[in-house]
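Take a look at the structure below.
And the structure:
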């Protein structure tokens, strides 16, 4: 049977090694509010206190409010800084460019 504490420690050590080798002073990740980004945020925060989750709403996301709440709840529980960047204007400009307008 897997020892999940050991698995967690290995992944945190891996992230710390990457940070050291890269010279980065922190981590920024996309916080969608889903399970995958929650796990990424938790691992990154354990590896580096200077971790920020970016929440990126976009007008077409059907359940964004619920996802955002989930993302903020996990961030609060693990003391992860969050920022919100609305990417709706970028999406709309991209669609216009694709359509040739």
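Numbering (this note's numbering), first residue to last: 1 to 101. Ideal placement from N, C-alpha and C gives every residue a C-beta, glycine not left out.
Checklist entry - Who are the near neighbours of residue 42 in its chain, counting only those whose CB is closer than 6 Å to its CB and skipping five residues on each side? => result 78
Item to check | Chain-order list of residues whose beta-carbon lies under 7 Å from that of residue 32 (same chain, five-residue window excluded) | outcome: 67 and 71
Next on the checklist: For residue 98 and residue 7, what's the separation of their Cα atoms in angstroms?
Outcome noted: 44 Å
Next on the checklist: Can you give me the C-alpha to C-alpha distance between residue 48 and residue 73, rounded to a whole angstrom?
Outcome noted: 19 Å
Checklist entry - Alpha carbon to alpha carbon, what distance is there between residue 5 and residue 26? => result 23 Å
Next on the checklist: Going by DSSP in three states, residue 15 sits in which element: helix, strand or coil?
Outcome noted: helix
Checklist entry - Alpha carbon to alpha carbon, what distance is there between residue 56 and residue 80? => result 16 Å
Next on the checklist: What would DSSP say about residue 98, mapped onto helix, strand or coil?
Outcome noted: helix
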